[in-house]
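Here is the structure we will look at.
Chains as they are written, first to last, in this note's numbering: chain X, 139 to 399; chain C, 2 to 383.
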């Protein structure tokens, strides 16, 4: 939980001078209706630039997951505007939206969501298969990417035979294999120990930088803040502050030191 | 994605084999019960098929099945012989009578009396002796299987009834002059062949004795036209063998409740298949819902997901159909060596296939409702 004051850098939600690939304005999302209605997003503005790693942080229930779901096109917003790579999901049919996600967005989930009955190579090839690539070509491409994340010798293994860190590397390979423009990551390190988490983030950071990918990362893990270009702190359905990752990480470290005295 | 779906299905061996076993059992139930039903149905016409040379069976218009005793006047065969298009017409006697074996066993038998001159209607498959031996008074021919079972001399430990043995039919002596191999029949009483005149002599006297007139239509004559002429001229009904088989089967099915019983068994197989498959497959879908949601999030369209689920269900349905029908056919080959009824015509196979596909389709619909309603965003909340 972050309680220390944020060291101001670019304290706005703009994409930090990069061309935005995600541009959302006044996004509102409410779950339920009547007395049981929960306003998950209360007019969120956010931009994500090309090649940028933006982290969304904040307490549980603050709307982080809802926001990446809206940005990823897996959840409809109720109001506001949101364009991703210049396209508005609201103007797309359900299948067009699915195809758009299939081509342009990679996903890294908290629980990896690797299909246990498929080999690692098959798991990594799933986005290519969804996009209609032949099985042979998809497996070849997935194998190549698995080698890049250090699992080239495990392609025929099944996910259950891998450690958490290795599974997350497979998930990263799966997120990257179809060369998407944006990757959304939901708590990518929460199921991993510190060292493995750092390695996973280093991997994500390096492939993102090398491929001009934009990363939108939801996390509670302040140990990985240093990897962010910017950090958006959310609370109660709003983005309260946006800072550089470096500044946020320093604040977090100071807070930890104060707490330990 | 179809191959991927099949890999998802077969990856969990325990669930996969459970699903396969449940559905294969249902397929076997449907195929086997239907085959027994059609076997029984075919057996109801066994006696009629014993006489393949006969084109038309002429009978009283009120006759409902092959064992129905509504005799015609003794002049019937003569009248029919004169009808245009008829090549020959011979009388046939068929009725239940009381018999007593040498050891005192009393039982009911069916006496069939064939034309004395031509012996038309006599058994085609003789095992011992010849049909010509019927001309030796008081000769009768019995079924070789009945001789060892229903006509066995149990009381005196005498064993099977054999050629040369005597029995008593309605207080008339009869001597066995041959044995034949009968077509398996739905009806259970032993069928004993003799000549028409001897059968009439053995039976209690009645004004009318002729059960049927067997007719051969002249080559080139229109069988339908001959049927109509016989009916118009005599008032009797003339049926082809298949027509007579058909009304016999219909009467038996209607009056014995066999159709309902076997229909229930087949329906039970269908319901078992539906429940086992539906529940197991739905559980499979539930277990995999987060992966389906992940696939949805990663861009799998509704069409892709439908194709995946349908291919999974259809693969199991087709495989279990093959196993089920295969096992049923295997059981059938053993049953075929006995008197038990089993007939698996092509339409039983098609019916089982359609049933299994329907079971699969119903299961797929249940699962698809779940999969298509899955919100892809759920992957971020688990």
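No residue lacks a Cβ here, since even glycine has one placed at the ideal position from N, Cα and C.
This one's a predicted model, so the numbers in the text were calculated from it and none came from an experiment.
Discussion item. Nearest by alpha-carbon distance to residue 192(C): which of 110(C), 124(C) and 258(C) is it?
Written reply: Residue mapping note: residue 192(C) aligns to position 191 of the second chain, counting from 1. Considering only alpha carbons, the answer is 110(C).
Item to complete: Taking 9 Å as the cut-off, decide whether the C-beta atoms of residue 142(C) and residue 94(C) are in contact.
Response: Taking the first residue of the second chain as position 1, residue 142(C) is located at position 141. Taking the first residue of the second chain as position 1, residue 94(C) is located at position 93. Their beta carbons are not under 9 Å apart, which means residue 142(C) does not touch residue 94(C) by this criterion.
Practice prompt. Taking C-beta pairs closer than 8 Å, name the residues in chain C that residue 260(X) reaches, listed in chain order.
Written response: Taking the first chain and counting its residues from 1, one reaches residue 260(X) at position 122. What residue 260(X) touches in chain C: 5 and 8.
Discussion item. Distance check for residue 297(X) and residue 148(X), CA to CA, integer angstroms please.
Written reply: The count along the first chain starts at 1 and reaches residue 148(X) at position 10. The count along the first chain starts at 1 and reaches residue 297(X) at position 159. Unreliable placement is indicated for residue 148(X), whose pLDDT of 35 sits below 50; the coordinate value is still reported in the next sentence. Roughly 41 Å separates the two Cα atoms.
Fill in: Which of helix, strand or coil DSSP assigns to residue 67(C)
Taking the first residue of the second chain as 1, we reach residue 67(C) at position 66. In the structure shown, residue 67(C) sits in coil (DSSP, three-state: anything other than H, G, I, E or B).
Worksheet entry | Rounded C-alpha distance that separates residue 299(X) from residue 262(X) | Indexing the first chain from 1 puts residue 299(X) at position 161. Indexing the first chain from 1 puts residue 262(X) at position 124. If I take the Cα positions, the gap works out to 15 Å.
Item to complete: Kindly indicate which residue of 182(C), 279(C), 33(C) and 217(C) has the alpha-carbon position closest to the one of residue 78(C).
Response: Locating residue 78(C) in the second chain gives position 77, where the first residue counts as 1. The option with the nearest alpha carbon to residue 78(C) is 217(C).
Practice prompt. Could you have a look at residue 347(C) and say whether DSSP puts it in helix, strand or coil?
Written response: Position 346 of the second chain holds residue 347(C). Reduced to three states, the DSSP call for residue 347(C) is helix.
Discussion item. Taking 8 Å as the cut-off, does the region 22-36 of chain C touch the region 314-324 of chain C (at least 3 CB pairs, one atom from each stretch)?
Written reply: yes
Worksheet entry | Residue range of the unbroken beta strand (DSSP E) whose run includes residue 92(C) | By 1-based counting over the second chain, the position of residue 92(C) is 91. Unbroken beta strand (DSSP E) run through residue 92(C): 87-102.
Fill in: Beta-carbon contacts of residue 328(X) that lie in its chain and below 7 Å, excluding the five residues immediately before and after
By one-based count along the first chain, residue 328(X) stands at place 190. Excluding positions up to five away in sequence, the list reads 248, 358 and 359.
Discussion item. So, does the region 339-353 of chain X touch the region 314-329 of chain X, judging by three or more C-beta pairs under 8 Å?
Written reply: They touch, by the three-pair rule.
Worksheet entry | Where residue 255(C) sits in the DSSP three-state scheme | Counting from one through the second chain, the residue named residue 255(C) turns up at place 254. DSSP places residue 255(C) within a helical segment (H, G or I) once states are collapsed to three.
Worksheet item: Mapping DSSP to helix, strand and coil, what is residue 194(C)?
Response: The residue labelled residue 194(C) in the question sits at position 193 within the second chain. Three-state result, residue 194(C): strand.
Worksheet item: If you count every other CB in all the chains shown that lies within 10 Å of the CB of residue 141(X), and 16 or more means buried, which is it?
Response: For this step, residue 141(X) is matched to residue 3 along the first chain. The predicted model places residue 141(X) with a pLDDT of 33, which falls under 50 and marks its position as unreliable; any figure quoted below should be read in that light. It is exposed - the Cβ of residue 141(X) has fewer than 16 other Cβ atoms within 10 Å.
Discussion item. Is there a Cβ of chain X sitting closer than 9 Å to that of residue 292(C), yes or no?
Written reply: Taking the second chain and counting its residues from 1, the one referred to as residue 292(C) is at position 291. With 9 Å as the cut-off, residue 292(C) counts as an interface residue toward chain X.
Item to complete: With DSSP collapsed to three states, give me the class of residue 233(X).
Response: Position 95 of the first chain, counted from the start, is the residue given in the question as residue 233(X). In the structure shown, residue 233(X) sits in a helix (DSSP, three-state: H, G or I).
Worksheet item: From 107(C), 137(C) and 29(C), pick the residue whose C-alpha is nearest to that of residue 120(C); which is it?
Response: The sequence position of residue 120(C) within the second chain is 119, counting from 1. Looking at the Cα atoms, 137(C) is the closest of the given residues.
Worksheet item: When the cut-off is 9 Å and only beta carbons count, does residue 334(C) lie next to chain X?
Response: The residue labelled residue 334(C) in the question sits at position 333 within the second chain. No - not a single Cβ of chain X is within 9 Å of the one on residue 334(C).
Discussion item. Taking the beta carbon of residue 332(X) as the centre, do at least 16 other beta carbons fall within 10 Å, making it buried, or is it exposed?
Written reply: The residue labelled residue 332(X) in the question sits at position 194 within the first chain. Counting Cβ neighbours within 10 Å, residue 332(X) comes out exposed, since fewer than 16 surround it.
Worksheet item: If you check the beta carbons only, do residue 168(C) and residue 152(C) fall under 9 Å apart?
Response: If you number the second chain from 1, residue 168(C) lands on position 167. If you number the second chain from 1, residue 152(C) lands on position 151. Yes.
Discussion item. For a cutoff of 9 Å on Cβ pairs, would you count residue 289(C) as touching chain X?
Written reply: Sequence index remark: in the second chain, residue 289(C) carries index 288 (1-based). Yes, contact with chain X.
Worksheet item: Whose Cβ in chain X lies nearer than 9 Å to the Cβ of residue 305(C)?
Response: Taking the second chain and counting its residues from 1, the one referred to as residue 305(C) is at position 304. Ordered by position in chain X, the residues that pass the 9 Å Cβ test against residue 305(C) are 236 and 268.
Worksheet item: Rounded C-beta distance between residue 139(C) and residue 173(C)? I'm assuming under 8 Å.
Response: Looking up residue 139(C) in the second chain gives position 138. Looking up residue 173(C) in the second chain gives position 172. 7 Å between Cβ atoms; contact.
Discussion item. For residue 273(C) and residue 356(C), what's the separation of their Cα atoms in angstroms?
Written reply: Working through the second chain from its first residue, we reach residue 273(C) at position 272. Working through the second chain from its first residue, we reach residue 356(C) at position 355. So the two alpha carbons sit approximately 12 Å from each other.
Practice prompt. Residues of the region 316-345 of chain X with a CB closer than 7 Å to any CB of chain C: list them in chain order, please.
Written response: 324
Worksheet item: Which stretch, first to last residue, makes up the beta strand (DSSP E) that contains residue 212(C)?
Response: Translated into the one-based positions of the second chain, residue 212(C) becomes position 211. Note, residue 212(C): premise wrong, no beta strand (DSSP E); not H, not E.
Worksheet item: Going by other Cβ atoms of all chains shown within 10 Å of its Cβ, with 16 needed for buried, is residue 42(C) buried or exposed?
Response: Translated into the one-based positions of the second chain, residue 42(C) becomes position 41. It is buried - the Cβ of residue 42(C) has at least 16 other Cβ atoms within 10 Å.
Fill in: Member of 190(X), 345(X), 308(X) and 193(X) whose CA lies at the smallest distance from the CA of residue 253(X)
Within the first chain, numbered from 1, the residue matching residue 253(X) stands at position 115. Of the candidates 190(X), 345(X), 308(X) and 193(X), the one whose C-alpha sits nearest the C-alpha of residue 253(X) is 308(X).
Worksheet item: Which first and last residues belong to the beta strand (DSSP E) in which residue 169(X) is found?
Response: Mapped onto the first chain, residue 169(X) falls at position 31. In the DSSP assignment, residue 169(X) falls within the beta strand (DSSP E) that extends over 158-169.
Worksheet entry | Contact with chain C by residue 241(X), beta-carbon distance below 9 Å | Stepping through the first chain from its first residue, residue 241(X) is reached at position 103. Judged by the 9 Å Cβ criterion, residue 241(X) is in contact with chain C.
Worksheet entry | Beta carbon of residue 15(C) nearer than 9 Å to that of residue 317(C) | The residue given as residue 15(C) occupies position 14 in the second chain. The residue given as residue 317(C) occupies position 316 in the second chain. No. Outside cutoff.
Worksheet item: Got a sec, what are the start and stop residues for the beta strand (DSSP E) residue 108(C) sits in?
Response: Position 107 of the second chain holds residue 108(C). Run containing residue 108(C): 107-115, per the beta strand (DSSP E) assignment.
Worksheet item: In chain C, what lies closer than 8 Å to residue 264(X) by C-beta?
Response: The sequence position of residue 264(X) within the first chain is 126, counting from 1. Within 8 Å Cβ-Cβ: 5, 296 and 299.
Item to complete: Kindly say whether residue 400(X), judged by its beta-carbon, lies nearer than 9 Å to any beta-carbon of chain C.
Response: Outside the modelled stretch of chain X, which goes from 139 to 399, sits residue 400(X), for which no answer is possible.
Worksheet item: So which of 179(X), 187(X), 234(X) and 196(X) has the shortest CA-CA distance to residue 207(X)?
Response: Start at 1 with the first residue of the first chain, and residue 207(X) comes out as number 69. Comparing Cα-Cα distances from residue 207(X) to each of 179(X), 187(X), 234(X) and 196(X), the minimum goes to 179(X).
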